[in-house]
Amino acid sequence: MPVKRPNPARWLRYQYGGKLPERYREWVLRDATCKTWVLRVLIRGLIQIVPLGLALFLGLGLLGGSWPIAAGALLLGILVVGRIVVTSAVDSVDARLVRYGYPPGHGSAVRRQRDAEAADRYRAVWRQPPQA
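The following block contains the structure:
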């Protein structure tokens, strides 16, 4: 059975911290535990700073500032936000899952289980003893 995905407006609201209706609970779990979960968290953090970054970039550039300085400031801001988002990714994702009724640490447990299964599949294929 496919997981119900939110429409673009709900997805954008979710990216800014809004809570999705209960019918999207499984999608939120998938969003928090899929292979690309760190990339999704990073995109979420960058989407959240787009309005502020754009306003500051245009403000610095249009109010007599230098465009290269504005671009450098924007890039530095993106790098700082990216670092903060990635370093707090596990805690923020687990806290988000708690809001949807999952027990604390559930996202981390699901990802650990998925990684253990992938490691078992790898060992089964590639770590066989040499055949004589």
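Note that full-length UniProt numbering has the sequence shown beginning at 1, numbered continuously upward.
We put the beta carbon where it would ideally sit given N, CA and C, even for glycine.
Predicted model only: the values in this text are computed from it and were never measured.
ALA32 classed as buried or exposed, judged by whether at least 16 other C-beta atoms fall within 10 angstroms:
Classification for ALA32: buried.
Presumed contact (8 Å Cβ cut-off) between LEU97 and VAL28, rounded CB distance:
Correct: roughly 7 Å between the Cβ atoms.
Where ARG127 falls, given that 16 or more other Cβ within 10 Å makes a residue buried
ARG127 should be labelled exposed.
What residue range does the alpha helix (DSSP H) around THR33 cover?
Element bounds for THR33: 25-33.
As assigned by DSSP and simplified to three states, the class of THR36
Collapsing the DSSP output to three states places THR36 in coil.
May I have a chain-ordered list of the alpha helix (DSSP H) segments no shorter than 4 residues that lie completely inside the stretch 84-120?
You should have 89-99.
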